[in-house]
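Numbering (my numbering), first residue to last: 1 to 112.
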C-alpha cells in the first residue's frame, strides 16, 4: 500500500469545515510543504495515546536535526506548524513525512 498523501485545505475568515484523512496503520503520511501549512492530528482512540513523529531530514553542519516526536493523548487534537522548509523538508523534496502510522490517527492539513 502507498503512503497517505494529504492535500492542504485553505483557511478562510468565514471558516472552513475540515476534511480529515485517516492513517492506514502501515504507511507514512506525507504532504507538500510550502512553509505555510499547519498539520492537525486527531487521536480518535478512546483511551490510548498514540505517538506521532514528524521527520526533519535535515542537518546543521553535518549534525542531524532531531525529529519531532509527540504523544497524542486519547481523543486529543494537536496542531503542528507552520513547519519551516529548511528544517522539515525531507532530503530537499519539499515534502514532510509523518511517521507513526495508526488507524486511530486522522489528519488534516490547513494552509494559513
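Virtual Cβ for every residue (Gly too), placed ideally from N, Cα, C.
Relative to the ligand GDP, is the shortest distance from any of its heavy atoms to the C-beta of residue i smaller than 7 Å?
{"i": "residue 85", "result": "This structure does not include the ligand GDP; it has no bound ligands of any sort."}
Which stretch, first to last residue, makes up the beta strand (DSSP E) that contains residue i?
{"i": "residue 54", "result": "50-54"}
Is the distance from the Cβ of residue i to the Cβ of residue j below 8 Å?
{"i": "residue 37", "j": "residue 11", "result": "no"}
{"i": "residue 39", "j": "residue 86", "result": "no"}
{"i": "residue 24", "j": "residue 53", "result": "no"}
{"i": "residue 13", "j": "residue 45", "result": "no"}
Report the residue from the options whose alpha carbon sits nearest the alpha carbon of residue i.
{"i": "residue 27", "options": "44, 21 and 4", "result": "4"}
{"i": "residue 84", "options": "19, 42, 6 and 55", "result": "55"}
Since residue i sits in a beta bridge, which residues does DSSP pair it with?
{"i": "residue 107", "result": "21 and 41"}
{"i": "residue 4", "result": "29"}
{"i": "residue 69", "result": "53"}
Can you give the beta carbon distance from residue i to residue j, rounded, assuming they're within the 8 Å contact cut?
{"i": "residue 30", "j": "residue 106", "result": "Not confirmed; about 15 Å, so no contact."}
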